[in-house]
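Below: the structure, in structure tokens.
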Amino acid sequence: MSNDSTSKTLIVATLLCVICSIVVSSTAVQLKPMQVRNKKLDIKKNLLVTAGLVDDSAEEKQIVEAFKAVETKVVDLETGAYADIDPESYDARKAAKNPKLNYKIPAEKDLANIKSRAKYGKVYLIKDGETVKNFVFPVHGKGLWSTMYGFLVLENDLNTVKGLGFYEHGETPGLGGEVDNPNWKANWNGKKVFNDAMKPVIKVVKGIAEEDAKYKIDGLSGATITSNGVTGLVRYWLSENAFGSFIKKYKAGSI
């Protein structure tokens, strides 16, 4: 009798486990599209916040409306020309992991310390009618503990910074995590990224940058490696090994 009771208990417990796992799995499958949608919306919001088009309190309706001013293009990073690729479906982050779609960065050029990147990258043009007001470049690179993902916004001269913001990183709170501090991010506004030879020279320095130092940004206290990582990733993505070819073509009026 005791054995029969134990068997029934085990059967019931097993059935409950199976049912629970099915419920959890099906819920996860159902939630996946919503999670993907919310992540895309959050990235759009971060882009718009960095560009100064909305603030952190913006909700979906405002984000969708503000994003109507943004034209998204896909660029061939080798040639700098626009590519005939649908920007809505293209995922550069996934492409960077695909041997057929990525580019192995030579070590001496890998300022962002990412080893490889997608062959194509998205560029966002913020427009007022037919006039391009700002250019937004996705950037990423290694910090101390993580890969930092964000956006660099340039004015229409393609040299003056409008904003820099990160939407994903795992840097130390209170140290490298200060890349999220609005006061530190404000240091970037109005700085120049290229010298006269079109070489990216902007730099996060150790300590406080001189007030008239147009290429220098205040360092993050106690976070030298993160500071150097930010310098490296910005310089890399503006270099000829990344968006530099596009920037030169656009400034020359050839695209």
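Quick note: the sequence shown uses this note's numbering, first residue 9, plus one each step. Each residue gets a CB set at the ideal place from its N, CA and C atoms; glycine is no exception. The structure displayed is predicted, hence computed values, not measured ones.
Residue span of the beta strand (DSSP E) that contains residue i, given as start and end
{"i": "G173", "result": "169–176"}
CA-to-CA distance, residue j to residue i, given in whole angstroms
{"i": "K135", "j": "E79", "result": "7 angstroms"}
{"i": "T231", "j": "N191", "result": "Looking at the sequence shown, residue 231 is not Thr but Ala. For A231 and N191, the distance between alpha carbons rounds to 16 angstroms."}
{"i": "S97", "j": "Y223", "result": "36 angstroms"}
{"i": "A194", "j": "D165", "result": "19 angstroms"}
{"i": "G60", "j": "G171", "result": "8 angstroms"}
{"i": "L162", "j": "A120", "result": "19 angstroms"}
{"i": "G185", "j": "D63", "result": "20 angstroms"}
{"i": "E86", "j": "L152", "result": "29 angstroms"}
{"i": "L55", "j": "G173", "result": "8 angstroms"}
{"i": "A115", "j": "I122", "result": "10 angstroms"}
{"i": "A4", "j": "G158", "result": "In the structure displayed, the chain extends from 9 to 263; residue 4 sits before or after that span and is not available."}
{"i": "V209", "j": "L133", "result": "23 angstroms"}
{"i": "K105", "j": "I113", "result": "13 angstroms"}
{"i": "S262", "j": "A89", "result": "9 angstroms"}
{"i": "Y111", "j": "S15", "result": "59 angstroms"}
{"i": "N197", "j": "S229", "result": "19 angstroms"}
{"i": "V83", "j": "A221", "result": "32 angstroms"}
{"i": "E176", "j": "D204", "result": "32 angstroms"}
{"i": "L183", "j": "Y128", "result": "33 angstroms"}
Those residues which DSSP pairs with residue i across a bridge
{"i": "V144", "result": "Y132, V161"}
{"i": "P107", "result": "Answer by DSSP bridge pairing: none, since P107 is not bridged."}
{"i": "V83", "result": "Y90, G129"}
{"i": "V78", "result": "I134"}
{"i": "T155", "result": "K150"}
{"i": "K200", "result": "T168"}
{"i": "P208", "result": "F202"}
{"i": "K224", "result": "K211"}
For residue i, the first and last residue of its enclosing alpha helix (DSSP H)
{"i": "E68", "result": "68–74"}
{"i": "K256", "result": "252–260"}
{"i": "A194", "result": "190–194"}
{"i": "S235", "result": "232–246"}
Buried versus exposed, by CB contacts within 10 Å (16 or more), residue i
{"i": "S29", "result": "exposed"}
{"i": "A74", "result": "buried"}
{"i": "K69", "result": "exposed"}
{"i": "M9", "result": "Confidence at M9 is low in this model, with a pLDDT of 47, below 50, so its placement is unreliable and the value that follows should be read with caution. Classification for M9: exposed."}
{"i": "E179", "result": "buried"}
{"i": "I19", "result": "exposed"}
{"i": "S235", "result": "buried"}
{"i": "V72", "result": "exposed"}
{"i": "R243", "result": "buried"}
{"i": "I216", "result": "exposed"}
{"i": "K150", "result": "buried"}
{"i": "A260", "result": "exposed"}
{"i": "T58", "result": "buried"}
{"i": "L24", "result": "exposed"}
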